[in-house]
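Going line by line, the protein sequences match chains A and B. Residue numbering for the first sequence follows full-length UniProt numbering, starting at 1 and increasing by one per position. Residue numbering for the second sequence follows full-length UniProt numbering, starting at 1 and increasing by one per position.
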Amino acid sequence: MEDEASGIWNWDRAFAVFPELLEAFLQVTLVATVVGSLIAAVVGLVVAMTRKLAPAWIAWPVHGFMEFIRMTPVVVQLLFAYYAFNFDPLATGIVVLGIHYAAYMAEVYRSGIDAVPKGQWEAATALSMSPGRTWLKVIIPQSLRTVVPALGTWVISMFKDTPFLMVIFITDMVRRAQVYGGQHYAYTEAITLAGLIFLAASYPTYLLMKQLEKRLARY
Amino acid sequence: MRENFEELGARLPSFADGLLVTIQLTLGGGALAFVIAIILGVTARSEYLLVRGGARAIIEFFRGTSLLVQLFWLFYVLPLFGWRLESLVAGILALGLNYGAYAAEVVRGAINSVPQGQWEATTALSMRPMHRLRRIIWPQAWAIMIPSLSNLFIMLLKGTAVASIVLLQDLTWLGGQLRQATGDTFFAYGVTAVMYLGLAMLIVLGAAALEKAAKRRLGQGAAKATKPSAAAASTTVGG
């Protein structure tokens, strides 16, 4: 019984693989999440504003394209971009993740912009503010405050999607765990630890977002 | 371009097989997710700390650890405990557990947003808890949760694309085969993406019909299409 128990979970193996996983976490997972969310946040805002400001012949194709991105698997998009552009895999992967999540964030921004009371627009007109100034000083600051928590949940989603990067041969944390498991014919420790690292990073972030949501709801 | 379509035509039977794998994963995972969502969504509202805490722990575990990790765990680790799962079964289990945990939050939020007066009325009529939930609360919560659940169902459909990693010959895998055969990345993955889009559209249409039926049962017209409570429930999706 004792032997069987140590065969199920081996601490030596766990300690051996942990630094490797952590390294991949910092080099791939974290980098992809941070850069990817920055791309998503900026592109998403631009797309949302395009729908409000641009003429229909620009706004509709952009909207249609983003809808297509939103409705098709990110894995297929990663494979497509990898083979179509023949560019640095990690950079390609990060941009694809960023644009995929921009499609979701655009919807979040849109609801945030729609939620700014009509009186604010009217007040800006009454003060004869220029459209640019109205957006920058009145509309965007107010909508940002309401959308931050929802954007945060998409960032967490993207974070947990980063293992999909392995389909374009990027050795992320989960791929590392799979390789280690294959070499030692012992998957338990490596894959479990990879999951726990995800949990350890995403759950506190989720709690923080919830707290933030509560605080922002007071305004 | 003509050779591309000829190649696609020659491969149509295998695409039908791949489509079948993707549909099996989607429907199987979706059905499992729905059952799990109802169980966890209801128990997460329990008045007993132990029951509530247990449900919360399960929800947070499956929401927090990434779909691919869960799939690999079922695929690589479980056999070491003597449970060898077929790839398709592992895929359905992983998708069902992962999206079931997300959907549980939708179910919980929708039940919570049923107006307080409805609960009080059931108490006034001294209904038993199960009866109350089944006849009064659930039909109202159901109408609220359909839009968020359909969003999650589409995410689940897109999540099935990871199945090719555990050696399943699904639509994404066939897209890769088509790319190798034609050498045309645009064409191969364009066709693949359009197929996923078609499936997603079916889900959207199905959900719209379900929502209409649920609202009609409650005597709510089409004019009150989306209530603010539906938006509130959908913000819990994704975390």
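Where is the CB? At the ideal position from N, CA and C, for every residue including glycine. Computed from a predicted structure; not experimentally measured.
Residues of chain A whose Cβ lies closer than 7 Å to the Cβ of B:Arg179 are, in chain order, Tyr83.
Chain order gives the chain B residues near A:Val167 as Ile165, where near means a beta carbon separation below 7 Å. Straight through space, the alpha carbons of B:Ala104 and A:Ser111 are spaced by roughly 24 Å. If you draw a straight line from the Cα of A:Val108 to the Cα of A:Leu53, it comes to about 17 Å.
At a cut-off of 8 Å between C-beta atoms, B:Leu85 does not count as an interface residue with respect to chain A. In the three-state scheme derived from DSSP, where H, G and I count as helix and E and B as strand, B:Tyr102 is classed as helix.
The beta carbon of A:Ala103 does not come within 8 Å of any beta carbon belonging to chain B, so the residue lies off that interface. Here B:Leu25 really is in contact with B:Ile92; their C-beta atoms are around 6 Å apart, less than 8 Å.
A:Ala177 places its beta carbon less than 8 Å from that of A:Ala190. With distances taken between CA atoms, A:Trp135 lies nearest to A:Val46 out of A:Tyr185, A:Trp11, A:Val46. If you draw a straight line from the Cα of B:Arg2 to the Cα of B:Pro13, it is about 19 Å long. In terms of Cβ geometry, B:Thr122 and B:Ile136 form a close pair [threshold 8 Å]. Taking a beta-carbon distance threshold of 8 Å, B:Tyr99 does not count as an interface residue toward chain A.
Of the other Cβ atoms in all chains shown, 16 or more fall within 10 Å of the Cβ of B:Leu178; this residue is therefore buried. Excluding its 5 nearest sequence neighbours in each direction, B:Ala101 has C-beta neighbours in its own chain below 6 Å: Ile59, Phe62, Arg63, listed in chain order. In the three-state DSSP reduction, A:Pro55 falls in the coil class, being neither helix nor strand. In this structure, DSSP gives B:Asp184 a state outside helix and strand, which the three-state scheme calls coil. Taking all protein chains in view, the Cβ of A:Leu193 is crowded by 16 or more other Cβ atoms within 10 Å, so the residue is classified as buried. Interface annotation, B:Thr185: in contact with chain A, CB-CB separation under 8 Å.
Under the three-state reduction of DSSP, A:Asp88 is assigned to coil, being neither helix nor strand. Within its own chain, the residues whose Cβ lies closer than 7 Å to the Cβ of B:Val204, once the five positions on either side in sequence are excluded, are Ser150, listed in chain order. Collapsing the DSSP output to three states places B:Gln118 in a helix.
Each of B:Pro115, B:Leu95, B:Leu8 was checked against the Cα of B:Trp73, and the nearest Cα belongs to B:Leu95. Counting C-beta pairs with one atom in each stretch, the segment 73–87 of chain A and the segment 144–157 of chain A have fewer than three that are closer than 8 Å, which means they do not touch.
The shortest CA-to-CA distance from B:Val21 to any of B:Tyr76, B:Leu218, B:Glu86 is the one to B:Glu86. A:Gln178 reaches chain B at Phe72, Tyr76, counting residues in chain order whose Cβ is nearer than 8 Å. Under the three-pair Cβ rule at 8 Å, the segment 165–185 of chain A does not count as touching the segment 42–53 of chain B. Within the same chain, Cβ atoms closer than 6 Å to the Cβ of A:Tyr180 are found at Val17, Ala190, the five residues on either side in sequence being excluded. Given a length threshold of 4 residues, each whole run of the alpha helix (DSSP H) inside the segment 58–85 of chain A is given here in chain order: 74–85.
Burial is judged here by how many other beta carbons sit within 10 angstroms of a residue's own beta carbon; B:Asn98 has at least 16 and is buried. Here the alpha carbon of B:Ile111 sits roughly 40 Å from the alpha carbon of A:Tyr187.
Listed by position along chain B, the residues whose Cβ is nearer than 7 Å to that of A:Ser202 are Gly64.
A:Ala186 carries a coil assignment under DSSP once its states are collapsed to helix, strand and coil. Nearest in C-alpha terms to A:Ile99, of all of A:Glu122, A:Ile69, A:Pro73, A:Pro55, is A:Ile69. The Cβ of A:Leu199 sits closer than 8 Å to at least one Cβ of chain B.
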